[in-house]
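Colleague:
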Amino acid sequence: MKPLQTLASLVLAFWVTFSFIQPAWAFCGFYVAKADTKLYNKASQVAIARDGKRTILTMENDYQGDVKDFAIVVPVPVLLKEEQVRVGDPKIMERLDSFSAPRLVEYFDSNPCDVVMADQLLLAAPSSASTGEAMNQAAQRRDALGVTVEAKFTVGEYDILLLSAKESGGLETWLIQNGYKMPPGARQLLQPYIRQQMKFFVAKVNLTEFDKSGFQSLRPLMIAYESPKFMLPIRLGMMNAQTDQDLIVYLLSPKGQIELTNYRTVKVPSDVEIPEFVKGEFGPFYQAMFQTAYTREDRRVGFLEYAWDMAGCDPCSADPLNYEELRKAGVFWLSPNQPTNVFITRLHVRYSRDKFPEDLMFQETSNRQQFQGRYILQHPYTGEMTCSAARDYKRSVRQRVERQVQTLAKLTGWNIQEIRKKARVADSEPEPWWERAFSSTFLGRMVDWWRS
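Counted from 1, the sequence shown has number 979 at position 168 by this note's numbering; the numbering is strictly sequential.
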């Protein structure tokens, strides 16, 4: 894996039945599985806590390889100081992912012969760290390239540089001369950030500090800043994107949903019934469904997978983050012993070199409408049924399963005949021949036979 390839690879380097069985869907049921980031081989995660102009950005590195080769280059809107950078808790992204992941839920039919009524951070003061020796190497060469080292310091296991530059060619040359292996096309992608007078946050691993840390993998980096620009740079990461890559962004706000302003936001298909067998194939199902939606939308959208108040969930795929966890996620506006005031928006972006020509631009809104990627298994009743309604119920289950089959085929592009084989209702009585004889499907076949 190339050095300038981390989380950051992408972001940063920056979804005729009968009334007695008709479900009244509410956000309830039994959670059984989730579609988290483990489904994707190349998935980067970013958490952004934003209130007004203040932002805390957490970047999790998906880098795999020798840590000595790790480096990221992140455009930032302001010049950062040492106290604005820290190392985050590696478990926080996992908690955000688990809480907000699209989920599979299941419901169970009751006996149709029964009459049943049921309700369906603020960053802590940074520890002292050595700021290193003053940068005095090759000053004349650096000036000629138009690159200025604005700050240099060490935070945790990372050596940090803050650079400003006058032109992209000089910045590219400076990075190469200082041991950063830049992918082809870097100069062209760096230029727009230089025109906007953005600074460049450069991080690589301090091997001595990494060995001292005792961690087996790199921890997230967190940066805090104040700027009217609410954006996430992703174009630099496209230098390393040989195939489609996935970016999951967790946006935390005291107001409501956070939306994209320069790309459409589309909700993933949700609240659909799918066949029971998908319980054992939820990962492949979600991957196929997402790819189908991604292709249908021409690949230029951000998919909303979750929007909810952090104070609760229904059904919960994981417990809501508590006060301490939210602080570690960068939520700086909370006060102890006060009601949680955090709204989480989960956006899923799949990008490649030929898509997403602009960085992601966001805006805070007061919209607190709840949404989740939720997929439903409705299990038929399989116990003894001795009433006259049983036959109608069994027929309705067969009809329901066929609808589920067609829904699944449409969502995923899977072969409908293969789905039907897997989705047959176990232990159900076959439909009597006289019912099949007068079904519209049978009559249609008879007409076709007669005409032939």
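Ideal Cβ positions, reconstructed from N, Cα and C, are used throughout, including at glycine.
How many angstroms separate the CA atom of T848 from the CA atom of A1200?
Modeller: Each residue's alpha carbon lies about 45 Å from the other.
Colleague: Please confirm whether L1219 and P1095 have their CB atoms less than 8 Å apart.
Modeller: No. Outside cutoff.
Colleague: Does DSSP classify L1029 as helix, strand or coil?
Modeller: Residue state, collapsed to three classes: coil.
Colleague: Does the distance from the CB of F881 to the CB of L974 come in under 8 Å?
Modeller: Result no, Cβ atoms of F881 and L974 do not sit closer than 8 Å.
Colleague: So, for L915: in the same chain, excluding its five sequence neighbours on each side, which residues have a beta-carbon less than 6 Å away from its beta-carbon?
Modeller: Cβ neighbours of L915 beyond the five flanking positions: V843, A844, F1093 and Y1186.
Colleague: What residue range does the alpha helix (DSSP H) around Y1204 cover?
Modeller: Start and end: A1200 to T1223.
Colleague: Go through its chain and collect everything with a Cβ distance to W1119's Cβ below 7 Å, but skip five positions before and after it.
Modeller: The residues are I1155, Q1181 and Q1183.
Colleague: Taking the alpha carbon of M1009 as the reference point, which residue from F1041, A976, K992 and I987 has its own alpha carbon closest?
Modeller: The candidate whose alpha carbon is nearest that of M1009 is A976.
Colleague: Taking a contact to mean a Cβ-Cβ separation below 8 Å, would you say R906 touches L1132 in this structure?
Modeller: It is a contact, given that the beta carbons lie within the stated cut-off.
Colleague: Using only the alpha-carbon positions, how far apart do I1059 and D925 sit?
Modeller: Between I1059 and D925, the C-alpha separation is close to 46 Å.
Colleague: Pull up the distance between the alpha-carbon of E1070 and that of K1166, whole angstroms please.
Modeller: So the two alpha carbons sit approximately 19 Å from each other.
Colleague: According to DSSP, simplified to helix, strand and coil, what is M1121?
Modeller: The answer is coil: DSSP assigns M1121 none of H, G, I, E or B.
Colleague: With DSSP as the reference, label P1065 as helix, strand or coil.
Modeller: The answer is coil: DSSP assigns P1065 none of H, G, I, E or B.
Colleague: Who are the near neighbours of D1055 in its chain, counting only those whose CB is closer than 6 Å to its CB and skipping five residues on each side?
Modeller: Contacts found: R1161 and S1163.
Colleague: Taking the straight line between their C-alpha atoms, what separation do you get for G981 and I867?
Modeller: The straight-line gap from Cα to Cα measures roughly 30 Å.
Colleague: Of the residues L956, D908, A1140 and V966, which one's Cα is nearest the Cα of L850?
Modeller: With distances taken between Cα atoms, L850 lies closest to D908.
Colleague: Count the other C-beta atoms from every protein chain shown that fall within 10 angstroms of the C-beta of I1034, then say buried if there are 16 or more, exposed otherwise.
Modeller: Buried, because 16 or more other Cβ atoms sit within 10 Å of the Cβ of I1034.
Colleague: Does the beta-carbon distance from F1173 to A860 come in below 8 Å?
Modeller: In this structure, A860 does not lie closer than 8 Å to F1173 by Cβ.
Colleague: Would you mind reading off the limits of the alpha helix (DSSP H) that contains R998?
Modeller: A997 to R1006 is the span of the alpha helix (DSSP H), which, as asked, contains R998.
Colleague: Name the two residues that bound the continuous alpha helix (DSSP H) containing I1230.
Modeller: I1227 to A1234 is the extent of the alpha helix (DSSP H) around I1230.
Colleague: Helix, strand or coil for S911, going by three-state DSSP, please let me know.
Modeller: It is helical.
Colleague: K963 by DSSP, collapsed to three states: which one?
Modeller: DSSP places K963 in strand when its eight states are reduced to three.
Colleague: With DSSP as the reference, identify every bridge partner of M1042, one or two as the case may be.
Modeller: In DSSP, M1042 forms a bridge with M1172.
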